[in-house]
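Quick note on full-length UniProt numbering: the sequence shown kicks off at 1 and runs consecutively. Just so it is clear, CB atoms sit at the ideal spot from N, CA and C, and this is done for glycine as well. Only a predicted model underlies this, so the values are computations on that prediction, with no experimental measurement involved. Here the structure is laid out as structure tokens; the discussion comes afterwards.
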Amino acid sequence: MAGLIRRADIDEVRSRINIADVVGEFVTLKSAGVGSMKGLCPFHDERSPSFHVRPQVGYYKCFGCGEGGDVFTFLQKIDHVTFSEAVERLAAGIGFELHYEDGGSASDHTNRARLLAANEAAREWFTEQLVTEGADIGRRFLGERGFDAAAAERFGVGYAPQGWDNLGKHLRSRGYTAEELSLAGLTSSGDRGCYDRFRGRLVWPIRDQTGQTVGFGARRLYDDDKGPKYLNTPETPVYHKSQVLYGLDLAKRDISRARQVVVVEGYTDVMACHLAGVTTAVATCGTAFGVEHIKIIRRILGDDTVGLGEVVFTFDPDAAGQKAALRAFSEEQRFEAQTYVAVAPDGLDPCDLRLGRGDDAVRRLITSKKPMFEFAIRQKLSNYDLNTVEGRAAGLRDAAPIVSDIRDPALRPGYTRELAGMLGVDLAEVKSAVESARRREAGSQGGQPQQGRRPEQRQQQPQQQQPQQQRSQPQQQSPQVAGRQELGQRSQQPQQEAPPVQQVSLTQLPSTTAVRLERDALMAMLQYPKVVGRELLARASVVGFSDQSLAAVRSAIAASIDDYERPDWVATIVESVGAPYVTLVEQLAVAPVPERPERELDVYLRRVTSSLIERHLVRRKEEVLGRLQRTEQSVDPDAYRSLQRELMQLEAERRAIHAD
């Protein structure tokens with residue numbers, strides 16, 4: 001096992017990595033002003049983007065839940081890896097060789113990295129087996145479904161040959177231990193020892209958003225195989241089925257650009273859609289579509305505005321498909337995007353549709369989608385005999401809550417009319433039923449009907465303060481501090497529980513001219529220290545401040561002035577500042593600079609910092625002038641002349657600053 005990574009190497013990796021590129025793999029980022037980007041936070045569910053990224057600072061901060069840090073922190077949080085694993089992954093991505101305190105090298109992998117490497121080695125072996133003579137049954141299966149060798153290569157499809165432990169032997173010869181293979185879900189144990197989990201099956205690699213192979217899905221091929229039709233990797237340290245979507249690594253960029261995602265039911269359906277030109281298709285992996293999948297899709301989709309973007313579900317028309325459709329509808333209102341259902345007329349899934357009618361038929365399936373609300377209403381009404389008064393009344397009672405809960409008030413009247421038409425009853429009767437459903441819902445929530453609210457927002461309001469409380473705990477210290485502890489700076493004393501620390505944020509600052517200047521100058525100093533320059537930084541970090549919280553940040557800058565050129569400048573300030581002001585520093589480090597892009601940014605940064613110094617000099621000058629006026633020249637001529645000289649010096653400094 002390698003030792004601690006050298007500090008110089010960590011700094012070098014940080015300086016070479018653009019944090020926006022890394023975050024952009026998980027979040028759709030949009031411009032938010034000069035040098036600032038923002039998107040939906042990947043760490044909590046939100047409707048409006050409050051997650052800010054500053055590429056030139058190398059820092060991110062969510063103004064909603066409070067998460068913040070550098071590029072290493074982001075990977076630690078998003079992929080649940082250690083600090084060292086985050087550094088090693090980024091270093092590998094740019095081809096940078098790390099060095100360790102004990103002389104080790106990056107070839108000494110951590111546990112997670114070993115599991116990912118084992119999965120990748122298995123993927124390579126599976127794809128190699130697909131072209132062997134024994135894999136004819138697998139190639140025939142693909143060919144019968146319209147997939148040639150190029151399609152198999154594009155999606156990484158492979159073959160697991162029959163036999164006891166062919167894969168296990170291969171990977172152990174590559175240096176992987178039996179324990180690692182079992183932990184990765186590649187092998188299982190029985191009375192006869194370890195054996196390959198996937199045998200005699202066609203295999204699809206399941207990749208995360210970054211393209212790393214985290215697991216596999218395997219389809220039964222032989223009649224004597226008594227296992228399930230599809231067999232997936234079990235839960236492992238790197239594979240969590242509720243948090244992955246097959247095909248997302250291929251689809252994410254088109255999802256972001258087209259503001260569309262198509263959710264299908266299987267691996268071959270994803271392949272068929274992509275090959276037909278529907279390159280926004282993804283599928284769940286052995287589990288129902290759920291809340292965690294929605295969170296992932298919303299982040300990639302940039303789902304922050306009602307009505308923009310669309311989510312299209314395709315389902316089989318059988319009972320299982322209908323059940324899956326209604327289950328998806330139960331989560332529909334977690335989206336801001338419009339949701340739709342696409343079902344082929346003959347009940348064909350995208351794979352069979354492409355095979356029987358061609359690529360154009362798959363594209364038409366998606367374009368002929370129906371709104372999810374219409375689908376859900378029809379499903380409800382299909383359970384009743386609408387030719388009877390009793391059936392119509394029961395159908396109205398069952399469908400009215402669907403219309404009442406439509407979050408977009410502009411759509412609700414239209415669906416009320418649609419429901420009236422489907423039932424063949426008076427519009428006023430349906431309006432009354434919808435309004436009654438809204439009142440019943442409001443009563444169950446203990447309040448008035450809530451316009452345009454989602455169910456989970458109404459249910460989770462009492463928990464909204466939880467992120468703040470979590471940030472206040474000692475364990476939620478700066479991730480950079482945790483990283484430096486891994487560099488040998490770990491405290492030997494046991495951590496003691498401490499009372500929650502009340503964090504100060506930008507929104508709590510007074511809205512005065514003086515405080516705004518102090519805030520803007522600190523933003524310039526934190527975000528662009530090299531542009532501001534050491535001289536202005538040094539002078540601005542010792543001037544008087546009217547706001548105590550901002551003064552604490554100023555003092556931390558003064559204490560860390562020698563590190564202003566370091567790539568972890570903000571992290572250094574976070575370490576130096578008092579505990580209540582960590583959030584404030586992180587917010588100042590990513591908040592958009594209040595400067596118009598058509599102006600010269602460098603000029604603004606130095607000018608706002610200079611204005612802070614000039615204000616300080618003016619105040620000093622006023623103080624000295626008052627003392628001069630109170631001093632009698634005849635009584636104490638030396639003191640009088642000293643004050644005059646000080647006054648002239650301050651004025652000269654003020655003019656020099658103003659001229660710059």
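Name the one or two DSSP bridge partners that residue i has.
| i | result |
| --- | --- |
| Ile557 | According to DSSP, which records beta bridges pairwise, Ile557 is partnered with nothing at all. |
| Phe335 | Per DSSP, none; premise fails for Phe335. |
| Arg219 | Leu202, Tyr230 |
| Lys38 | Lys30, His52 |
| Lys370 | Val341 |
From what residue to what residue does the beta strand (DSSP E) around residue i run?
| i | result |
| --- | --- |
| Pro205 | 201 to 207 |
| Phe313 | 310 to 314 |
| Lys61 | 59 to 62 |
| Gln260 | 260 to 264 |
| Ala281 | 281 to 283 |
In the DSSP assignment, find the alpha helix (DSSP H) that holds residue i and state where it starts and stops.
| i | result |
| --- | --- |
| Tyr246 | Tyr246 -> no alpha helix (DSSP H), and no H or E assigned at all. |
| Glu586 | 582 to 590 |
| Arg607 | 601 to 630 |
| Arg54 | No alpha helix (DSSP H) holds Arg54; the beta strand (DSSP E) holding it covers 51 to 54. |
| Val362 | 359 to 367 |
| Val13 | 7 to 16 |
| Leu4 | First-last for Leu4: undefined, no H or E at that position. |
| Cys273 | 267 to 275 |
| Asp21 | 19 to 23 |
| Gly93 | 83 to 94 |
| Val278 | No alpha helix (DSSP H) holds Val278; DSSP gives it neither H nor E. |
| Gln502 | No alpha helix (DSSP H) holds Gln502; DSSP gives it neither H nor E. |
| Val593 | Here Val593 belongs to no alpha helix (DSSP H), and DSSP marks it neither H nor E. |
| Pro529 | 529 to 532 |
Can you find a heavy atom of the ligand ATP that lies under 7 Å from the Cβ of residue i?
| i | result |
| --- | --- |
| Val618 | Because no ligand of any kind appears in the structure shown, any question about the ligand ATP cannot be addressed here. |
For residue i, which three-state DSSP category applies?
| i | result |
| --- | --- |
| Thr210 | coil |
| His99 | strand |
| Ala288 | coil |
| Ile406 | coil |
| Gln379 | helix |
| Pro401 | helix |
| Gln459 | Its pLDDT being 35, under 50, Gln459 is placed unreliably in this model, and the value from its coordinates should be taken loosely. It is helical. |
| Gly421 | helix |
| Gly395 | helix |
| Ser107 | Only weak support exists for where Ser107 lies, its pLDDT of 47 falling under 50; the coordinates are left without a value. |
| Gly68 | strand |
| Gly544 | coil |
| Phe43 | coil |
| Gln468 | Unreliable positioning characterises Gln468 in this predicted model, as indicated by a pLDDT of 38, which lies under 50. The coordinate reading is nonetheless provided below. Residue state, collapsed to three classes: helix. |
| Gln492 | Bear in mind that the predicted position of Gln492 carries a pLDDT of just 35, short of 50, making it too unreliable to give a figure here. |
| Val238 | coil |
| Val574 | helix |
| Ser256 | helix |
| Tyr415 | helix |
| Thr512 | coil |
| Val640 | In the sequence as presented, Val is not what sits at residue 640; that position holds Tyr. The answer is helix: DSSP assigns Tyr640 an H, G or I state. |
| Leu348 | coil |
| Gln480 | Bear in mind that the predicted position of Gln480 carries a pLDDT of just 42, short of 50, making it too unreliable to give a figure here. |
| Ala656 | helix |
| Val635 | coil |
Problem set entry | Uninterrupted alpha helix (DSSP H) stretches inside the region 126 to 207 (no shorter than 4 residues) | 136 to 144, 149 to 155, 166 to 173, 178 to 183
Exercise. Is it true that the region 202 to 215 meets the region 237 to 248, where meeting means three or more beta-carbon pairs spaced less than 8 Å apart?
Worked result: yes
For this session: Decide if the region 295 to 303 is in contact with the region 329 to 341; the criterion is three or more beta carbon pairs, one per stretch, under 8 Å apart.
Result: yes
Problem set entry | the region 252 to 262 in contact with the region 183 to 203 per 3-pair CB rule at 8 Å | no
Problem set entry | Three CB pairs or more closer than 8 Å across the region 531 to 539 and the region 551 to 566 | yes
For this session: Indicate whether the contact test is met: 3 or more Cβ pairs, each with one atom in the region 131 to 148 and one in the region 252 to 259, closer than 8 Å.
Result: no
Exercise. Can you find at least 3 beta carbon pairs, one from the region 40 to 52 and one from the region 63 to 79, that sit closer than 8 Å?
Worked result: yes
Exercise. Pairing CB atoms from the region 376 to 384 with CB atoms from the region 356 to 363, are three or more of them under 8 Å?
Worked result: Here the region 376 to 384 makes no contact with the region 356 to 363; the two share fewer than three CB pairs at distances below 8 Å.
Exercise. Counting pairs of beta carbons, one from the region 602 to 609 and one from the region 522 to 533, are three or more of them closer than 8 Å?
Worked result: yes
Exercise. Can at least three beta-carbon pairs, one atom from the region 573 to 584 and one from the region 549 to 558, be found at a separation below 8 Å?
Worked result: yes
Exercise. With a cut-off of 8 Å, do at least 3 Cβ pairs link the region 181 to 192 to the region 161 to 172?
Worked result: yes
Exercise. Does the region 24 to 40 touch the region 82 to 89, meaning 3 or more C-beta pairs lie closer than 8 Å?
Worked result: no
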